[in-house]
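Okay, structure first, notes after.
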Amino acid sequence: MSPKRPKVEPIRNPTLFQMEKLEEAGKLANTLTVDRPFSLPGILLGTSAFTATGWEGSFYPPGMQPRDSLSYYATQFATVEVDSTFYGCPSPRTVNNWAARTPEGFIFSVKVPQIITHEKVLVDCDSEFEEFVKTMDILGPKLGVMVFQFPFFATWKFLKQEDFLVVLTRFLNKLPRDHKFAVEIRNRNWLDAKFADVLRECNVALALTDRSFVVPRKLIQEACQHDEKIFLLQERKSKSRQKPGTRQLLTAART
């Protein structure tokens with residue numbers, strides 16, 4: 001018989017921002033400082049969304065209004081990856097809302113829409129990408145890394161890694177240099193020094209997801225030479241496929 005799991009007591013702290021109007025959130029965001037429990041010096045810790053099934057009562061206080069979720073989240077973490085942007089570029093009003101409901105110093109990392117990474121795969125998508133970057137710029141200094149999350153590519157799409165790298169390099173060379181970007185790929189055999197060299201030359205970070213098909217130690221060491229730009233993602237889905245040794249590898253590679 002497996003041991004009984006301890007009961008998780010709900011968090012009953014009040015929310016940081018008690019507001020009804022967007023402009024009120026902006027006033028608070030500009031004046032309050034936050035002592036976050038989930039933080040480490042020099043490292044931004046966050047989750048891949050700020051809402052999920054089961055969070056009410058375990059992370060969020062019971063009865064909290066959905067409009068207060070982000071504000072409360074920002075009292076606990078210094079950053080969040082926004083997964084919803086993968087499904088489409090949000091409206092300027094939505095992005096303004098994100099900025100207004102978070103304090104100074106909070107960082108948003110956002111996924112590039114799938115129309116760019118999955119449907120058009122970096123070809124003939126300049127207008128969609130420009131619209132996305134312009135919308136994300138509403139966040140100002142709160143905008144962190146924009147992540148290109150690519151799917152696993154079968155040989156019918158790219159016969160070999162070099163074919164993908166040609167398309168990737170051409171697009172990355174067009175990126176605005178005053179923004180931060182990261183690239184995540186799902187083809188394990190492409191995670192090598194050639195891939196890391198492309199990212200290094202284009203000044204783009206490597207995004208690693210904590211899944212079973214990553215991470216070779218050699219690649220992490222290669223990436224750490226590139227200003228230690230490693231953007232580690234731990235997905236909240238498919239727990240059985242996560243690779244628990246990723247953080248140990250990262251630690252070893254940095255020493």
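So the sequence shown is numbered by the working numbering: it starts at 1 and just counts up by one. All C-beta atoms in this analysis are idealised placements derived from N, C-alpha and C, irrespective of residue type, glycine included.
{"Asked": "Status (buried if at least 16 other CB within 10 Å, exposed otherwise) for residue 43", "Found": "exposed"}
{"Asked": "Spatial neighbours of residue 173 in its chain, beta-carbon cut-off 8 Å, leaving aside the 5 residues before and after", "Found": "202"}
{"Asked": "Nearest to residue 88 (by Cα), restricted to the options 136, 64, 45, 74", "Found": "136"}
{"Asked": "Distance, residue 64 Cα to residue 204 Cα", "Found": "38 Å"}
{"Asked": "Residue 106 versus residue 116 - alpha carbon distance", "Found": "26 Å"}
{"Asked": "Nearest-angstrom Cα separation, counted from residue 142 out to residue 31", "Found": "The pLDDT assigned to residue 31 is 43, lower than 50, so where the model puts this residue is not dependable; a value taken from the coordinates is nonetheless given after this. Their Cα atoms are separated by approximately 15 Å."}
{"Asked": "Residue 104 classed as buried or exposed, judged by whether at least 16 other C-beta atoms fall within 10 angstroms", "Found": "exposed"}
{"Asked": "When 207, 97, 91, 195 are compared against residue 163, the one with the closest alpha-carbon", "Found": "195"}
{"Asked": "Cutoff 8 Å; reference residue 128; Cβ partners in own chain excluding five residues on either side", "Found": "89, 113, 115, 116, 120"}
{"Asked": "Residue 95 - containing alpha helix (DSSP H), residue span", "Found": "92-100"}
{"Asked": "Contact set for residue 79: own chain, Cβ-Cβ below 6 Å, skip 5 residues either direction", "Found": "44, 46, 107"}
{"Asked": "Spatially closest choice to residue 179 from 146, 101, 118, by CA coordinates", "Found": "146"}
{"Asked": "Alpha-carbon to alpha-carbon, residue 167 and residue 176", "Found": "17 Å"}
{"Asked": "Residue 190 to residue 93 span [Cα, whole Å]", "Found": "39 Å"}
{"Asked": "Pick from 98, 152, 155 that is closest to residue 140, judged by C-alpha positions", "Found": "98"}
{"Asked": "Closest by C-alpha distance to residue 95, when choosing among 130, 138, 132", "Found": "138"}
{"Asked": "Which of helix, strand or coil DSSP assigns to residue 48", "Found": "coil"}
{"Asked": "Cβ-Cβ distance between residue 148 and residue 183 below 8 Å", "Found": "yes"}
{"Asked": "Three-state secondary structure assigned by DSSP to residue 21", "Found": "Because the pLDDT at residue 21 is just 41, under 50, the model does not fix this residue reliably, and the value given afterwards should be weighed accordingly. Coil."}
{"Asked": "Span separating the alpha-carbon of residue 48 from that of residue 157", "Found": "28 Å"}
{"Asked": "Contacting residues, own chain, Cβ-Cβ under 7 Å from residue 67 (five flanking each side not counted)", "Found": "none"}
{"Asked": "Nearest residue (CA-CA) to residue 200, options 169, 209, 187", "Found": "169"}
{"Asked": "Cβ-Cβ distance between residue 85 and residue 110 below 8 Å", "Found": "yes"}
{"Asked": "Alpha carbon of residue 160 to alpha carbon of residue 101, nearest angstrom", "Found": "45 Å"}
{"Asked": "Extent of the continuous beta strand (DSSP E) to which residue 134 belongs", "Found": "Note, residue 134: premise wrong, no beta strand (DSSP E); alpha helix (DSSP H) at 126-136."}
{"Asked": "Three-state class that DSSP yields for residue 65 in the structure shown", "Found": "coil"}
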